[in-house]
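If you want this note's numbering, it's the 1-based position in the sequence shown plus 3. Glycine is no exception: its CB is placed at the ideal position from the N, C-alpha and C atoms. Below is one structure; the comments refer to it alone.
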Amino acid sequence: MHPPLLAILCLLGAVTACDQNRPAADAPPPARLAPAAQSHFCGMAGGEHPGPKGQVWLDDRKDPLWFSSVHDTIAFTLLPEEPKNIRVIYVSDMGKARAVNEAPADGWVDARKAVYVIGSALPGGMGVEEEVPFADPDQAKAFAESHGGRVVAFAAIPTEGILGTPVGSSPAAERR
């Protein structure tokens, strides 16, 4: 293969890979969380659990899949048996929350653009560790200073913490 052609193919592959991490231009806006919105994994109403929530929009659906926690939302994207035709993922912007563990019904941020506090003392919806999302990195930093943990980007969230959280890896895990 000719070196210039190889370079062009590599560049094209890199650009294509970047595009897959951006929501489609026609991505729907976030939906408002209704109290009775059913969580995809547990079937319970999303409002029955404290903490941040998530919604995943798929290409072949006209309404989102709801998740009672950000932890479950991220797990959905990692599980091989779940659909991969994701248009956009939204998570609660906890910078807009009135209380530390109360997700705002209308405060959403694109999950891939949010920053997350991981390893904090705040347990999620089912009492497990939660990735606490923020649109504003300064708000995330202030939260981490008050509640422990560290601030990371979506791509830096450790997958082992999502698919198999080791007991005792954070203050929230110690309370289980």
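- Pairing residue 94 with residue 50 gives a Cβ-Cβ distance that is not under 8 angstroms.
- Residue 131 sits in coil when the DSSP states are folded into three classes, being neither helix nor strand.
- For residue 103, no beta strand (DSSP E) run applies, since DSSP gives it neither H nor E.
- Apart from the 5 residues on each side of it in sequence, residue 69 sits with its Cβ closer than 8 angstroms to the Cβ of 36, 40, 41, 42, 43, 49, 56, 57 and 58 in its chain, given in chain order.
- Per the coordinates, the alpha-carbon of residue 61 lies some 11 angstroms from the alpha-carbon of residue 85.
- DSSP, reduced to helix, strand and coil, places residue 44 outside both helices and strands of the structure shown, so it counts as coil.
- The C-alpha of residue 100 lies about 9 angstroms from the C-alpha of residue 54.
- Check the Cα spacing between residue 91 and each of 97, 80 and 159: the tightest is with 80.
- Taking every protein chain shown into account, the CB of residue 33 has 16 or more other CB atoms within 10 angstroms, so this residue is buried.
- By the criterion of a C-beta distance shorter than 6 angstroms, residue 152 is surrounded in its chain by 120, 121, 122 and 123, once the five residues flanking it on both sides are discounted.
- For the pair residue 155 and residue 137, the CB atoms are not nearer than the 8 angstroms cut-off.
- In the displayed model, residue 136 falls within a strand according to three-state DSSP.
- The Cβ atoms of residue 134 and residue 126 do not sit closer than 8 angstroms to each other.
- Look at residue 77 here: in three-state DSSP terms it is helix.
- Assigned with DSSP and collapsed to three states, residue 29 falls in coil, not helix or strand.
- In this structure, the beta-carbon distance from residue 98 to residue 142 falls below 8 angstroms.
- Take the alpha-carbon of residue 163 and the one of residue 31: they are about 30 angstroms apart.
- If you draw a straight line from the Cα of residue 47 to the Cα of residue 114, it comes to about 22 angstroms.
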